[in-house]
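Residue numbers (this note's numbering): 37 to 203.
Here a beta-carbon is modelled for each residue, glycine too, at the ideal position from N, C-alpha and C.
This report refers to the structure that appears directly beneath it.
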């Protein structure tokens with residue numbers, strides 16, 4: 037694969053049709069992106085992994101009104117101490133801030149994120165996605181969580197029903 041490494045441009049035309057026999061598309065949209073093919077000695081089993089306290093994919097986080105959301109995202113490299121986390125990419129709601137990648141222990145790295153939603157963001161839901169990349173070019177899986185600013189935490193009410201029995 038050494039001769040095939042480098043950047044490649046990919047162009048795709050996406051078309052939809054009203055029925056399988058139509059020859060003219062209802063719409064046609066071009067999609068273009070770049071792919072970086074690189075050579076690595078790392079095995080696919082040595083990809084970095086998110087570890088606790090990082091939230092699971094699909095989690096929902098209620099952020100009470102007028103409070104700031106704080107989260108620590110921790111990544112562990114699994115191959116060796118010579119590998120580091122070089123970046124944690126995020127797709128975030130407007131105003132979310134993230135720290136620089138910092139080493140936590142020999143094999144763990146983290147970022148801290150904070151977000152103070154504005155009043156205009158209350159009652160909406162925001163997707164927050166993140167993915168980490170190590171110094172060999174391997175990446176974690178992408179995780180996405182839903183942030184719910186301005187929502188009140190669900191309340192649990194316990195009611196006791198007593199039934200008097202006549203003897």
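Around the C-beta of residue 177, fewer than 16 other C-beta atoms lie within 10 Å, and the residue is accordingly described as exposed. A Cβ-Cβ distance of about 4 Å is found for the pair residue 99 and residue 185, placing them in contact under the 8 Å criterion.
The Cβ neighbour count for residue 89, taken over all protein chains shown within 10 Å, is under 16; the residue is labelled exposed. Sixteen is the threshold: since fewer than 16 other Cβ atoms of the shown chains lie within 10 Å of the Cβ of residue 163, the residue is exposed.
At the C-beta level, residue 107 and residue 149 come within 8 Å of one another. Nearest to residue 75 by alpha-carbon distance, out of 171, 167, 160, is 171.
Cα atoms of residue 63 and residue 48: separation of roughly 14 Å, rounded to the nearest angstrom. One Cα belongs to residue 153, the other to residue 96, and the distance between them is close to 16 Å. Spatial neighbours of residue 133 in its own chain (CB-CB distance under 8 Å, excluding positions within 5 residues in sequence) are listed in chain order as 149, 150, 151. According to the DSSP assignment, residue 118 belongs to no beta strand (DSSP E), since it is labelled neither H nor E. Note that the C-beta distance between residue 70 and residue 45 is below 8 Å. Secondary structure note for residue 61: it is in no beta strand (DSSP E), with a DSSP letter that is neither H nor E. At the C-beta level, residue 111 and residue 124 come within 8 Å of one another.
In the three-state reduction of the DSSP assignment, residue 75 falls in the coil class. The beta strand (DSSP E) runs of length 3 or more contained entirely in the segment 148-186 are, from start to end of the chain, 162-170, 179-185. Assignment of residue 70 by DSSP, reduced to helix, strand and coil, places it in the strand class.
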